[in-house]
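Undergrad: The structure is given below, and queries will be raised subsequently.
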Amino acid sequence: MAAAIGAAGQSEWEVAVPEKPLKDKTYFENLKAKVIDTNLCSRCLTCAAICPGGITVVGNKVDFPDYETKCLDCGACVRVCPRFVYEPKSGLGDYIEFIAGRSKRFAGQDGAMVTELLVSAIEMGMIDRGLFAGRDEKWATEMFHVREPEQLAITTLGGTKYTFADVLPELKKAVMFTKRGVGIVGTPCIVSGVRKLQQEYPIFRERVKLVVGLFCTENFHYDDITKFLQEKGVDFSKLVKTDIIKGKFISTMTDGKVKFKVAEAEDIIASGCNVCTDFTAVESDASVGSVGSEKGFSTVAVREENAKKVIEYIKEKGYADFGEADTSQLDFLIGHKKKREENIKRD
Amino acid sequence: MKMKSMKKVVGPEYNLSEKIKTNVYAVGVAMQESVYPHTMTVFYPRERKKMPDNYRGFILFDPDKCISCFNCSFVCPANAIRMKEAPSRRYYPTVDYGRCIFCHFCIDSCSGGALKATKIHDVAYKDMDEMFTPTEEMIELPEIIREDKKYVEYEIEEDDLHLKRTKGEDYLFVEVPPPIQIPMVSQCIDRASCIGCRVCEEMCESGAISSSAENGMLRMKIDTDKCTGCGLCVKECSMQILMLKLKKFE
Amino acid sequence: MVNTLMETVMSNQVSIPLIEPMLDLLPEIPVLQYMVAFMLWKPLFAVLICPGLTVGGITLLFFPWIERKLCGRAQWRVGPHEIVWWLGGVIQLLADTLRFLFQEVIVHKDAHRPYFLQFPFLSFMIFLLPLLFIPAGTIVAIQTPYAIQIILALVCLFPLFILGLGWASNSRFAYIGTVREAFMYFAYEIPFIIAAIAMIILYGTSDPLLMASRQSIPGIILNPVAALVFFIGAAMATSRMPFEIAESDQELCAGPHVEYSGIAFGLIYVLCYEKAYILSALMTILFLGGGSGPAIAGLGDLSGAFWFVVKTYLVLTTLFMLRAVYPRYRLDQGLKLGWSPMLVMALIGLAISLVVVAVRVI
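Protein chains in written order, with my numbering: chain A, 1 to 347; chain B, 1001 to 1250; chain C, 2001 to 2362.
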C-alpha cells in the first residue's frame, strides 16, 4: 500500500492549479458563482470533502461561512466539482451483466443487493469498510463505517432514505484511515463526485475500491420532505418504510399506508436534481435499483470487473438468489431524466 | 451438647535470667546512645542531604534547542506541560508544578535536548497560582537562599549506619550529555495527491516549506536544511501525504 | 516581738562561706541587712530557693527539655532544636510557656466549670507541700521526726487531684484515663509504702536528716530490692514509661488532661514533672544518702544542697530515659505487676531490711 504511493518521499513537487474564470475572486467564490448560485449544485459534497478550510452545508445549500478570511484559495473544490465543467451522463451505460438478485441474508429496500455487495466485498478482503447511511428515529441520516457483517443487525442501515446523506465527507475521512480500501454506495451525483476525485488525486484511485450506484430520479432536502409527509398524514414515529413505485410515493407505517403521486412533490425536489440526467449511475462499478425486476428482487447492472468478482463470490457462496432483469422497464425513466438536459443553462 | 474445650493462648515464656539480661541490655543501649548518639536526622536547611546525580527534581529549559515538537506536552502523564505561544510565534513548554509528578518523561522525550534535569527538590510556593511556571522562569535556576554549609551522606556498613558530614555545598545542576538526535525531515510521499492548500507552509515554524506559483502550476519545496523535524506539517496536511523520514546527508 | 522574731531568724541561718565577706559589709545598709537575714533563714531559704521554688522551677524549665533530648538521642533523632538553635533549643520550655500563656483556655459546655478551672491550681499547691519536709543537705523548712510519713501521706493525695481533673472534664477520654489512673493508684500504692517503711526500719528513724547521717553505705546497696520497688513505684506514680497508662498519647490523647488548653494545660503539664521531682527527692533521701558527699569548700551548707540536687537530677534522668527504652504496659498487666511481683519484692525488701538491722545491731 505505502510502497505503491511512493514511500521514498520527495522534497519538491508541483500541483496543477485549475483555471479561474473570475480572476479577482477566490476559488470558492468562483465555485459559488458558477455552480452553487446557478442551481447546478447537486449537493454531492465533493467540495466539502476535499476542502481544507471549511466548505459545509448551511441550511440546504452548500456554503463556506467566513470564506473571505478562511478560504485558502487552493482550488481543490473547483478541481473536484463534477458540475464545474458539466458533462451530463445519461442512458443505460455499459454493463457486463444485467441481473436481478435477492439477498438471502439481508433485508433491505427490495432485494438488499447493495448491502450484499458491500458486505461480500468486505468478506472477500477487497475492502475493509463500507460506508452505509443509517437513519435515526426522526429519519435523519447519519453515516456508518461497517467493518463486519454483524453490524448490519442494525436494520436501519439498509433501505432507501429519500433524503441527502453526507457520503463524500465521510469517504475522505475513511480514505485517511483505511488499510485495504473503502466501498461506498451513493446516488449518481455522488458517484460522479467520486470519479472526479479519483481522476484528480491518486490516493482516491488507490483506496476507493468499490463504488455502487443507485437508480435515482430525484432527492429531497430533509426539512422539506418531512414537512410534506407530515402534511400528508405520515406519523414518523410509526413509519417503517418508504417506496417510490410506478410514480407513487408509498409510506408504510405500522398501522397503515399513505400513498400519493410523486408528481405532487414536484415543488420540493432539490434544485440540483432538476439538471441531472443520469438515472442509472452510469459511472459506477455496479448499479442497483428496484425498476426492472420483480417484487422482492433488486436489479443489478454489473459494469466493472471488481463488481463482477463480487457477484461471482456471492453466487459461489450462495448468499443470494438470482433471476432475470428486463432493461426495457428502465426506458421510461431514463427518457424522463434525459429530458432534464433542457434545464441546463449554457452560457 | 458437648462443648469443645477452648485452648488458651499463652505468650512466649522467658526465664528470669533472660528477662533481666534483656532489660539490662536495653537500658545499657539507651545509656550508650545518650552519650554517643547515632543521630540520623539532617539539620535541614543548615545541611543538605546529598542527592544522587540521577535525582529527579526541578526542570530547566533552554529555548535555543527547542524545536516546538510538542513531545513533552504529549508524553506528560499528568498533563502538567502546556505549550504557550511566545512573541516569536514559536511554542514553548510551561510546567504546572501542581500537577508535575517529576517523572522526567518530558526530559527523556525532548528531541532537541532543551529540557534539563536538576537536583532541586525544595521549591516553595505561597499559593497554587504560583505553581504554574511560565517559560521565562524555567530558563534559570530558581532563586535559592543557600543556608547550607555542609552536605550529608549516609554511610551504610553491615551493622552500622551513620552520617558523614562534609563541608561544602552540594551542586544542584547536573550536566548531562545531550541525547543522540536522529535528524528527521518532512517529505511528501504522494506528490500527485497534493491539493495545494499550503497548510503545511503556514504551519512550518522554521520556514522550511515554501511555495511559488507560476504558469498555472504551484511549486512546493521543502528545504531539508531548515526542517527541524518537529512534525507539525505532517499532522496538519489535509491529505496526510507528508511523513517524517531520515535526513540524508550528501 | 520584733526581737524574738529576729532571734529565731538569726539562730537558724544558712551559712555560705563564699558570701560571708559580702554579708560583713551589710550592717551598714539597714533594710537590706534584714532582708538578707530573712532570705538566709533556713525555712525561707528551703522554700524559696533550695529545694523549693527556685530549684524546682529550674527543674521544671529544663527537665522536659532534657527528657526530650535524651529520648531523641536514644531514638536516633535530635529532640527540640530550633529555638535558639545554636544552644540546642535549650529554652524550649520557655517558648512552650509563652505559647500556653497566649492560648485560649477553652471550658467546654459539659465541664464542671468551677472545678475545671480550679483543680490545676489546687493540685499545684498540694504538690508543692512535701517540699516543706524534704531536706537538701542541712537546709530544711520543717524538721520533724515524722517527715517521711507526712511526705508519704501527701504523696498518697496526689492521685486524687488527677481524678478530680478528669472528673471535672466530663468527657469520655478523660473518663477512661481517670479510671485507669485510679486503677494504677491501687497497683503501686502498697508496694511503694512498704518499700519506704522497709527503709525506715533499716535506718531506725524517719527523720531525713538523721537518715542522711546514717547512710555511710548508701541505702541502695543495703537494700537494693526495696530500691527497685521504690523506683518502679515512682515510675508508676508519675506515669513514666512503661507505665504511661493513664495518659497514653496514642490511645487516649492525654487521659485526664485531654480537655485542657492554654495556661491550665501548661500547669498540668508541669505537674507531672513536679511529681517526679518530689519522688526523686524522696528516693535520694531514702536510698542515695541525700546531701552527703565530699564537701565543696566555700559553699558551706550549700554543698550539701548541691549534692542533693545532683543526686536528684541523676534519679530524674534515669526515670526519664526509660521512656525511650520501654513500650507501654497494658492496664491489666500493670495491675498484675503491682500486685504480684512488686508486692512480693516489697515484702522481700522488708525482710532484707529486718535482717540488715539484726546484723548491724548484733
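Where is the CB? At the ideal position from N, CA and C, for every residue including glycine.
In chain C, which residues lie less than 8 Å from Met1040/B when you measure between Cβ atoms?
TA: In the second sequence, the residue the question calls residue 1040/B occupies position 40. Neighbours of Met1040/B on chain C, chain order: Trp2076 and Arg2077.
Undergrad: According to DSSP, is Thr217/A helix, strand or coil?
TA: On the first sequence, residue 217/A is found 217 positions in, with the first residue counted as 1. It is coil, neither helix nor strand.
Undergrad: Could you confirm whether any beta carbon from chain C is found closer than 8 Å to the beta carbon of Val1027/B?
TA: Within the second sequence, numbered from 1, the residue matching residue 1027/B stands at position 27. Closer than 8 Å to some Cβ of chain C, the Cβ of Val1027/B qualifies, so yes.
Undergrad: Under 9 Å between beta-carbons, which chain A residues line up against Leu1232/B? List them in chain order, please.
TA: The count along the second sequence starts at 1 and reaches residue 1232/B at position 232. None at all; the shortest Cβ gap to chain A is about 15 Å.
Undergrad: What are the uninterrupted segments assigned as alpha helix (DSSP H) that are 4 or more residues long and contained completely in the stretch 2259–2285 of chain C, given in chain order?
TA: 2263–2283, all fully within the stretch 2259–2285 of chain C.
Undergrad: Identify each residue in the stretch 182–204 of chain A for which the Cβ-Cβ distance to at least one residue of chain B is less than 9 Å, and report them in chain order.
TA: From the stretch 182–204 of chain A, only Glu200, Tyr201, Pro202, Ile203 and Phe204 have a Cβ closer than 9 Å to chain B.
Undergrad: Does the contact criterion of 3 or more C-beta pairs under 8 Å hold for the stretch 2257–2272 of chain C versus the stretch 2178–2197 of chain C?
TA: No, the stretch 2257–2272 of chain C is not in contact with the stretch 2178–2197 of chain C.
Undergrad: In this structure, what does DSSP give as the bridge partners for Leu1244/B?
TA: Counting from 1 along the second sequence, the entry for residue 1244/B is found at position 244. DSSP output for Leu1244/B lists Ser1186/B as bridge partner(s).
Undergrad: Kindly list the residues whose CB is nearer than 7 Å to the CB of Ala1208/B, restricted to its own chain and excluding five residues on each side of it in sequence; keep chain order.
TA: For this step, residue 1208/B is matched to residue 208 along the second sequence. Result list for Ala1208/B: Ile1222, Asp1223, Lys1226 and Cys1227, in chain order.
Undergrad: Would you be able to state if there are at least three C-beta pairs under 8 Å between the stretch 2217–2236 of chain C and the stretch 2165–2173 of chain C?
TA: The stretch 2165–2173 of chain C vs the stretch 2217–2236 of chain C: no contact.
Undergrad: Looking only at C-alpha atoms, which of Met1138/B, Met1217/B and Ser1005/B sits nearest to Pro1093/B?
TA: Here residue 1093/B is taken as the residue at index 93 of the second sequence, counted from 1. Among Met1138/B, Met1217/B and Ser1005/B, the Cα nearest to that of Pro1093/B is on Met1138/B.
Undergrad: Assess, as a yes-or-no matter, whether the stretch 51–58 of chain A is touched by the stretch 1005–1017 of chain B under the definition of 3 or more beta carbon pairs within less than 8 Å.
TA: No, because fewer than three Cβ pairs between the stretch 1005–1017 of chain B and the stretch 51–58 of chain A fall closer than 8 Å, the two stretches do not touch.
Undergrad: For the stretch 1112–1128 of chain B, list every residue whose C-beta sits within 8 Å of some C-beta in chain C, in sequence order.
TA: Those residues of the stretch 1112–1128 of chain B that come within reach of chain C (Cβ to Cβ, closer than 8 Å) do not exist; the list is empty.
Undergrad: What do you get for Gly2233/C, buried or exposed, if any count of 16 or more other CB atoms within 10 angstroms of its CB means buried?
TA: In the third sequence, counting from the first residue as 1, residue 2233/C sits at position 233. It counts as buried.
Undergrad: Identify whether Pro1063/B lies in helix, strand or coil by the three-state DSSP scheme.
TA: Along the second sequence, read from residue 1 onward, the residue named residue 1063/B stands at position 63. Helix.
Undergrad: Under 7 Å Cβ to Cβ from Leu1172/B, same chain only, skipping five residues before and after it: list those, please.
TA: Here residue 1172/B corresponds to residue number 172 of the second sequence, with the count starting at 1. Cβ within range, chain order: Thr1118, Lys1119, Ile1120 and Leu1141.
Undergrad: Can you tell which of Ser2261/C, Gly2290/C, Trp2307/C and Leu2286/C has its C-alpha closest to the C-alpha of Ile2296/C?
TA: The residue you call residue 2296/C lines up with position 296 of the third sequence. Checking every option, the nearest Cα to that of Ile2296/C belongs to Trp2307/C.
Undergrad: Is DSSP giving Tyr2034/C helix, strand or coil here?
TA: Start at 1 with the first residue of the third sequence, and residue 2034/C comes out as number 34. Helix at Tyr2034/C.
Undergrad: In chain B, what lies closer than 9 Å to Ala16/A by C-beta?
TA: Taking the first sequence and counting its residues from 1, the one referred to as residue 16/A is at position 16. Per Cβ cutoff of 9 Å: Gly1196, Gly1216, Met1217 and Leu1218.
Undergrad: By the 10 Å Cβ neighbour count, where 16 or more other Cβ atoms means buried, how is Ser1211/B classified, buried or exposed?
TA: Mapped onto the second sequence, residue 1211/B falls at position 211. Exposed, because fewer than 16 other Cβ atoms sit within 10 Å of the Cβ of Ser1211/B.
Undergrad: Just verifying my parser: in three-state terms, what is the DSSP assignment at Met253/A?
TA: As a first step, residue 253/A is located in the first sequence; it is residue number 253 there, counting from the start. In this structure, Met253/A counts as strand in the three-state DSSP scheme.
Undergrad: Apart from the five residues on each side of it in sequence, which residues of its chain come closer than 8 Å, Cβ to Cβ, to Ala4/A?
TA: Against the first sequence, residue 4/A aligns to sequence position 4. Note on Ala4/A: pLDDT 36, under 50, position unreliable in the model; no value is reported.
Undergrad: His2112/C by DSSP, collapsed to three states: which one?
TA: Mapped onto the third sequence, residue 2112/C falls at position 112. In this structure, His2112/C counts as coil in the three-state DSSP scheme.
Undergrad: Just verifying my parser: in three-state terms, what is the DSSP assignment at Ser2123/C?
TA: Stepping through the third sequence from its first residue, residue 2123/C is reached at position 123. In this structure, Ser2123/C counts as helix in the three-state DSSP scheme.
Undergrad: For Gln329/A, count neighbouring Cβ atoms within 10 angstroms of its own Cβ and tell me buried if that reaches 16, exposed if not.
TA: Start at 1 with the first residue of the first sequence, and residue 329/A comes out as number 329. Result: exposed.
Undergrad: Run through DSSP, which three-state label would Arg340/A get?
TA: Reading the first sequence from its first residue, position 340 is the one you call residue 340/A. Note: Arg340/A maps to helix in three-state DSSP.
Undergrad: Which chain A residues sit within Cβ distance under 7 Å of Thr1224/B?
TA: Residue 1224/B sits at position 224 when you count from the first residue of the second sequence. Correct list: Ser11.
Undergrad: For Ile2150/C, report the span of its beta strand (DSSP E) as first-last.
TA: Along the third sequence, one-based indexing puts residue 2150/C at 150. No beta strand (DSSP E) contains Ile2150/C, which is instead part of the alpha helix (DSSP H) from Ala2147 to Ser2169.
Undergrad: Are Ala2246/C and Gly2177/C touching if we call contact CB-CB under 8 Å?
TA: Along the third sequence, read from residue 1 onward, the residue named residue 2246/C stands at position 246. Along the third sequence, read from residue 1 onward, the residue named residue 2177/C stands at position 177. Going by C-beta atoms, Ala2246/C is nearer than 8 Å to Gly2177/C.
Undergrad: Measuring only between beta-carbons, confirm whether Arg2068/C sits less than 8 Å from chain B.
TA: Indexing the third sequence from 1 puts residue 2068/C at position 68. Taking Cβ atoms only, chain B never reaches closer than 8 Å to Arg2068/C, which makes this a no.
Undergrad: To the nearest angstrom, report how far apart Ser2292/C and Met2211/C are at their CA atoms.
TA: By one-based count along the third sequence, residue 2292/C stands at place 292. By one-based count along the third sequence, residue 2211/C stands at place 211. Straight-line Cα distance between these residues: approximately 11 Å.
Undergrad: Nearest to Phe2133/C by alpha carbon, out of Leu2152/C, Gly2290/C, Glu2007/C and Ala2147/C?
TA: In the third sequence, residue 2133/C corresponds to position 133, counting from 1. That would be Ala2147/C, whose Cα lies nearest to the Cα of Phe2133/C.
Undergrad: Rounded to the nearest angstrom, what separates Gly1229/B and Glu1236/B at their Cα positions?
TA: Residue numbering aside, residue 1229/B sits at position 229 when the second sequence is read from its first letter. Residue numbering aside, residue 1236/B sits at position 236 when the second sequence is read from its first letter. Gly1229/B and Glu1236/B: Cα-Cα distance of roughly 14 Å.
Undergrad: Would DSSP call Ala263/A helix, strand or coil?
TA: Reading the first sequence from its first residue, position 263 is the one you call residue 263/A. Three-state result, Ala263/A: helix.
Undergrad: From Val2310/C to Phe2119/C, what distance separates their C-alpha atoms?
TA: Along the third sequence, one-based indexing puts residue 2310/C at 310. Along the third sequence, one-based indexing puts residue 2119/C at 119. Taking the straight line joining both Cα atoms gives about 32 Å.
Undergrad: Could you tell me whether the Cβ atoms of Asp326/A and Gly289/A are closer together than 8 Å?
TA: Translated into the one-based positions of the first sequence, residue 326/A becomes position 326. Translated into the one-based positions of the first sequence, residue 289/A becomes position 289. No, these two residues do not count as a Cβ contact at 8 Å.
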